[in-house]
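Contents: one structure, followed by commentary.
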Amino acid sequence: MNSVRNKYRRRSLFGSFALSLLVIAGLVLGSAPAQADAVESTLTIPVSGNFTSSNGTRFTVSGNVVVKCSAVVGEAGVEPFVIITFDATGLTVSSGSGANLKTYDTRGFQVIKTRPLVATDVITVAVPSIETGGALTAADRYNATFTLNFNAAGQITSGTVTAAAATATQ
Amino acid sequence: MSDRHFFLSEKASKARLREAENARRNRQEIMKAYSTGHISRRELIKMGLFTGTGLLLVNGLSPFARSVYGDDIPTGLPPSPIPNNVQPFSQAMPRFDVFPRIPVSALTPAPTKEANTTQQPLNPQLEGVNPGDTGPIEGRPPGPIWAHQSWEQFLPQVAIQATEEGAKTNTVYNPGVPPSLNSGINPATPMPVRFHPNLPIQNSNRVWTFNGTIPPKLALIRYGEPVLFRNRNLLPFDINNNGGFGRHTTSTHKHNAHHGAENDGFTGAFFFPGQFYDYHWPIVLAGFRTINTAATDPKAAMPLDNGGRLNIPGDWRETMSSHWFHDHMFSFTAQNVYKGLAAMANIYSALDRGAEDINDGVNLRLPSGRASASGKAWGNLDYDVNLLLADKAWDNNGQLHMDIFGFDGFLGDVMTVNLAYKPYFEVERRKYRFRILNASVARFFKIALSDGSPMIQIGNDGNLLPNPVVLTELDEQGIAERYDIVIDFSRYSIGQTVDMVNLAEHQDGRRPHEDLTLAEALSGNSDDPCVGRFLRFKIVRNPAQPDISQVPATLIPNPDLSNIPVARERTFEFGRGADQTTFDPVSSAFEGDWGIKTNNGSMLLADFGRISAMPRFGTREIWTLKNGGGGWDHPIHIHFEECQTLKRNGSAANVPPWERGRKDVWRLRPSGSVTLTLQFRDWGGMFMEHCHNTTHEDNAMLLRWEINDGGPPFLRPLPTPIPRPQGVDFVPPTEILPNAD
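So, in structure tokens, the structure goes:
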């Protein structure tokens, strides 16, 4: 198995060899590592564009996604990482036009992910799309790719959202 | 697979595989000696084999020691062998095995309010037993403190009888549904204990389960119908006959029932092979003594066999739906639960009665089954499926294996669902409810569907949420957390398949290293063998009747606690570097590293003789749980009653939608904190708070708190039970923390 994530290679802020030594050193020393407080940051990313679901529905999406980050950096023996919360509550979604216009919402959709801290992380998330007044069980979804940039302190500095290909069912 | 991974790839060099296997065999002898009490952890430290954080990095012993074949790679663990004729999704997933519900009168001897102390001869193989010794037939501590509280008020109406015993073939499998709804499995076909039809049958001392059989067991219970759960310990009398891990004394905790401590599976109230323990589950709504005491609220009700309801006292907003129960033996919870001592309980109520066609204005009509089709007005399982997720590992002989070395947490390298290796499950084109339990030792899961389709989360930790939440990937699910979700398979065509995928990649037992994207998890590039597809749904047909089940926009709102004053606030910090400050007969041999700091006191190792908190009966408190480090996560569990999550990391805005209901397990997140509120009412006794990474729990992140001022017979403080085969002794608490009161 190839250990390199070909499609989603990211530039690491922390060399893996040095990390291994730190982990082993931490185990050998057996002492409680000094705790680092989490570093908090938030970024609001505007979204505007067309996103297509796996059944071909073309959604027009606008609004904002709020990305909250809580990073652990500088704790001995711990590879820096960040817990990222994506909040899509602020998105406005529609499909069709005129008599065929339909509106959707995300019903307060959130995703939380733990990721190693890297300078640029590319994360694709499936975002649900529920027709306004419609049943939750009829929710559709489209894929959105977030490209997030972080500084060495673990703070998110910038980001973009683009449409990604939908995931097909086998 | 990377050379750096904990579990070696089967493609690793023969030399490295040999090195890892030799190290594992060396550890096995130590592990067996430790699990049978022939050596203590303190002695292992004195011998230089252990540090406070786990096994010393000695090549030829520790999996973390540097391999002789590479400076910067660990020795690792040999991979669990999976023969070529064991392929993912080649076996049907068996549904849970439903316990028979029997009349209380069928129990012999009849259950009693206080423990039955009738004497019986003791098997001399038991530890500390001399020929001619006798001991009580029931292992429950004797006397009024451990009597079933409110016994006369809640006399048992139905009984469930179970054993804990070594693996044996199941010849009485009852899935509660016909084969057509159980992927074609014929329940009459004998089912030996093995993880796949082409994997070895497990030795009776390697796997221990309820009744000794698989699939995992399921109790169907309902509010307003007290249950007497009689658990007989039929595990080997000889403590050494454990297959290398596990302890034959047990204590059964129903997670997370609201009842007296005598029924809660207190970690120190364990019982021995040859004994039984009667657990009285009154199945009441929290607040029954003070709220809706006249039982006039129609939403607080028991589902009746005739389709009606019987009102019961209590707060309907405290209704629970999905419990599990498992062993809670002090220091051996990880080993015993991993070995198979885990089951689930579905709790039915007027709100969640398991009959989607009963439309009485109260029933939420969640996916379950039709009463008109089955004749059952509650508890239909047709489209209500329990899933027990657990990572396992086995040795070169295909026998279940565990490694306790390394206090961060044991990870297996093989995914199982309902103790079946990567199975498939046939579904119809309609909505299903899944009650998903993480029953691992240290592994977290994060579940998505392989096509990214939405799922609806309706419950968290057995509590229906105030409002359902639409997700395309569930939150990380820590050990003991239960997520109830609904998946609508009507979006698929017959013949299609869709898989459950685990996105949470682990490198060790500390915490998920990374939550992969769906594409990353499906790529096959992860070094973690338990990442990726683990359960396949095969869409096989249309339902015979239209799907009339619902997922209402409102489920169960939280109780309003704003008028209940907060009597006290406490903080608990969970971390390493703990001390053992007390020297009772049980814990004095204990040398873990994990501990709990109460109200900014010292970080202390577990001692179930120590009282860390004594909330006042009838009050409400606010507790803040803090993670003492950034390198690990802790799923913290509080026994006794469900709580409401007030804040994460100091802010209510940080509480995600799926945690805005009631819960009883919280992943603190690295460097994180959770603030919650809970009440101490209805019952008394000693309860627990602990990390549910059971390696952490056993080493020794657990504390005792108690409610002991609600009136007789509860003393202040309560004496600690110390079980022996000859009977239970009581000793004063070893310590009461200065700010416990």
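Going line by line, the protein sequences match chains A and B.
Residue numbers for the first sequence follow this note's numbering, so the first one is 31 and each next one is one higher.
Residue numbers for the second sequence follow this note's numbering, so the first one is 1291 and each next one is one higher.
In this text, a Cβ means the ideal position worked out from N, Cα and C, and glycines have one as well.
| query | Does B/V1394 come within less than 9 Å of chain A when only Cβ atoms are used? | reply | Here residue 1394 of chain B refers to the residue found at position 104 when the second sequence is read from its first residue. Closer than 9 Å: no.
| What does A/T177 reach in chain B if we use C-beta pairs closer than 8 Å? | In the first sequence, residue 177 of chain A corresponds to position 147, counting from 1. Below the 8 Å Cβ cutoff, chain B contributes no neighbours of A/T177, its closest Cβ being approximately 12 Å away.
| task | Give the straight-line distance between the Cα atoms of B/E1716 and B/V1483, rounded to the nearest whole angstrom. | result | Taking the second sequence and counting its residues from 1, the one referred to as residue 1716 of chain B is at position 426. Taking the second sequence and counting its residues from 1, the one referred to as residue 1483 of chain B is at position 193. The alpha-carbon atoms of B/E1716 and B/V1483 are separated by roughly 22 Å.
| With B/K1544 and B/G1502 assumed to form a contact (beta carbons below 8 Å), what rounded beta-carbon distance in angstroms separates them? | Taking the second sequence and counting its residues from 1, one reaches residue 1544 of chain B at position 254. Taking the second sequence and counting its residues from 1, one reaches residue 1502 of chain B at position 212. Rounded, the Cβ-Cβ distance is 20 Å, inconsistent with contact.
| said: Would B/S1961 pass as an interface residue toward chain A - the criterion being a Cβ-Cβ separation below 9 Å? | reply: Numbered from its first residue, the second sequence carries residue 1961 of chain B at position 671. Yes, its Cβ sits closer than 9 Å to a Cβ of chain A.
| request: Return no unless some Cβ of chain B is closer than 9 Å to the Cβ of A/T192. | output: Here residue 192 of chain A is taken as the residue at index 162 of the first sequence, counted from 1. No, A/T192 lies away from the interface with chain B (no Cβ there is under 9 Å from its Cβ).
| request: Flag this pair as touching only if the segment 2010–2025 of chain B and the segment 1885–1900 of chain B have three or more C-beta atom pairs under 8 Å; answer yes or no. | output: Under the three-pair Cβ rule at 8 Å, the segment 2010–2025 of chain B counts as touching the segment 1885–1900 of chain B.
| request: Return helix, strand or coil for B/F1297, following the three-state DSSP convention. | output: Here residue 1297 of chain B corresponds to residue number 7 of the second sequence, with the count starting at 1. Residue state, collapsed to three classes: strand.
| message | So for A/D117, helix, strand or coil by DSSP? | response | As a position in the first sequence, residue 117 of chain A is number 87, starting the count at 1. DSSP, read as helix, strand or coil, puts A/D117 in strand.
| task | Using a Cβ cut-off of 7 Å, pull out every chain B residue sitting near A/Q185, in sequence order please. | result | As a first step, residue 185 of chain A is located in the first sequence; it is residue number 155 there, counting from the start. Counting only Cβ-Cβ distances below 7 Å, A/Q185 has no contacts in chain B at all, with the closest Cβ about 15 Å away.
| Would you call the segment 1563–1576 of chain B and the segment 1510–1529 of chain B in contact, with 3 or more CB pairs under 8 Å? | At 8 Å Cβ cutoff, the stretches touch.
| request: Kindly indicate if chain B contains any beta-carbon less than 9 Å away from that of A/S124. | output: The count along the first sequence starts at 1 and reaches residue 124 of chain A at position 94. No, A/S124 lies away from the interface with chain B (no Cβ there is under 9 Å from its Cβ).
| For B/Y1714, three-class secondary structure by DSSP | Position 424 of the second sequence holds residue 1714 of chain B. The answer is strand: DSSP assigns B/Y1714 an E or B state.
| If contact means a Cβ-Cβ distance below 9 Å, which residues of the segment 136–157 of chain A contact chain B? | Of all residues in the segment 136–157 of chain A, those with a C-beta nearer than 9 Å to a C-beta of chain B are T136, R137, G138, F139, Q140, V141, I142, K143, T144, R145, P146, V152, I153, T154, V155, A156 and V157, reading in chain order.
| task | Give a yes or no on whether the minimum CB-CB distance between A/S78 and chain B is below 9 Å. | result | Your numbering for residue 78 of chain A matches position 48 in the first sequence. No, its Cβ sits nowhere closer than 9 Å to a Cβ of chain B.
| said: Classify B/Q1410: buried if its beta carbon has 16 or more other beta carbons within 10 angstroms, exposed otherwise. | reply: On the second sequence, position 120 is the one that residue 1410 of chain B refers to. That one is exposed.
| query | Excluding sequence positions up to five away, which residues of its chain have a Cβ less than 6 Å from the Cβ of B/R1720? | reply | Here residue 1720 of chain B refers to the residue found at position 430 of the second sequence. Only residues of its own chain outside the window of five on either side were considered, and among them S1780, P1833 and D1837 have a CB closer than 6 Å to the CB of B/R1720, listed in chain order.
| is_contact[A/S71, chain B] using C-beta, thresh 9 Å | As a working mapping, residue 71 of chain A is identified with position 41 in the first sequence. A/S71 does not count as touching chain B.
| query | When Cβ atoms are compared, which residues of the segment 103–122 of chain A fall closer than 7 Å to chain B? | reply | Residues of the segment 103–122 of chain A with a C-beta less than 7 Å from any C-beta of chain B: E105, G107, V108 and I113, listed in chain order.
| message | When you compare the CB of B/V1760 with every CB in chain A, is at least one pair closer than 9 Å? | response | Reading the second sequence from its first residue, position 470 is the one you call residue 1760 of chain B. Cβ-Cβ to chain A under 9 Å: yes for B/V1760.
| Beta carbon of B/A1551, beta carbon of B/W1973: below 9 Å? | Translated into the one-based positions of the second sequence, residue 1551 of chain B becomes position 261. Translated into the one-based positions of the second sequence, residue 1973 of chain B becomes position 683. Contact: yes.
| request: Give the secondary structure of B/Y1638 by DSSP, where H, G and I count as helix, E and B as strand, and everything else as coil. | output: Mapped onto the second sequence, residue 1638 of chain B falls at position 348. In this structure, B/Y1638 counts as strand in the three-state DSSP scheme.
| request: Could you check if B/F1873 is buried or exposed, using at least 16 other CB atoms within 10 Å of its CB as the buried criterion? | output: Within the second sequence, numbered from 1, the residue matching residue 1873 of chain B stands at position 583. It is exposed - the Cβ of B/F1873 has fewer than 16 other Cβ atoms within 10 Å.
| field | Cβ neighbour criterion (16 or more within 10 Å) applied to A/S84 | value | As a first step, residue 84 of chain A is located in the first sequence; it is residue number 54 there, counting from the start. Per the 10 Å Cβ criterion, buried.
| Can you round the beta-carbon distance between B/V1269 and B/P1947 to whole angstroms, since I take them to be within the 8 Å contact cut? | Residue 1269 of chain B lies beyond the range of chain B shown here (1291 to 2031); nothing can be said about it.
| Would B/N1476 be called buried (16 or more neighbouring beta carbons within 10 Å of its own) or exposed? | Here the question's residue 1476 of chain B lines up with position 186 in the second sequence. Classification of B/N1476: exposed, given that the 10 Å Cβ count is below 16.
| said: Measuring straight from C-alpha to C-alpha, what distance separates B/R1971 and B/L1575? | reply: Within the second sequence, the letter at position 681 stands for residue 1971 of chain B. Within the second sequence, the letter at position 285 stands for residue 1575 of chain B. Going by the C-alpha atoms only, they are around 11 Å apart.
| message | Does chain B have any CB closer than 9 Å to the CB of A/L166? | response | By one-based count along the first sequence, residue 166 of chain A stands at place 136. At least one chain B Cβ lies under 9 Å of A/L166.
| query | Can you find a CB in chain A that lies within less than 9 Å of the CB of B/H1924? | reply | Looking up residue 1924 of chain B in the second sequence gives position 634. Put simply, the CB of B/H1924 is far from chain A, with every gap to its CB atoms at 9 Å or more.
| query | How many whole angstroms separate the CB atoms of B/D1642 and B/L1654, which I take to be in contact at a CB cut-off of 8 Å? | reply | Counted from its first residue, the second sequence places residue 1642 of chain B at position 352. Counted from its first residue, the second sequence places residue 1654 of chain B at position 364. Taking C-beta atoms under 8 Å as the contact rule, B/D1642 and B/L1654 qualify, at a distance of about 6 Å.
| query | Around the Cβ of B/E1300, are there at least 16 other Cβ atoms within 10 angstroms (buried) or fewer (exposed)? | reply | Residue numbering aside, residue 1300 of chain B sits at position 10 when the second sequence is read from its first letter. Label assigned to B/E1300: exposed.
| message | Tell me which residue opens and which closes the alpha helix (DSSP H) that B/H1486 is part of. | response | For this step, residue 1486 of chain B is matched to residue 196 along the second sequence. Membership of B/H1486 in any alpha helix (DSSP H) is not indicated, and neither H nor E is assigned to it by DSSP.
| Can we say the segment 1680–1693 of chain B touches the segment 1489–1498 of chain B, given the rule of at least three CB pairs closer than 8 Å? | A contact is defined here as three or more CB-CB pairs under 8 Å, and the segment 1680–1693 of chain B meets this definition with respect to the segment 1489–1498 of chain B.
| field | Distance between B/H1796 and B/F1389 (C-alpha atoms, nearest Å) | value | Here residue 1389 of chain B refers to the residue found at position 99 when the second sequence is read from its first residue. Here residue 1796 of chain B refers to the residue found at position 506 when the second sequence is read from its first residue. Whole-angstrom Cα-Cα distance: 35 Å.
| task | Rounded to whole angstroms, what's the CA-CA distance from B/A1382 to B/A1868? Just pull it up for me. | result | To locate residue 1382 of chain B, count along the second sequence from 1; it is residue 92. To locate residue 1868 of chain B, count along the second sequence from 1; it is residue 578. Going from the Cα of B/A1382 to the Cα of B/A1868 covers about 45 Å.
| field | Cβ-based neighbour list, A/P76, same chain, cut-off 7 Å, excluding 5 preceding and 5 following | value | If you number the first sequence from 1, residue 76 of chain A lands on position 46. Excluding residues within five positions, the ones whose Cβ falls inside 7 Å are N94.
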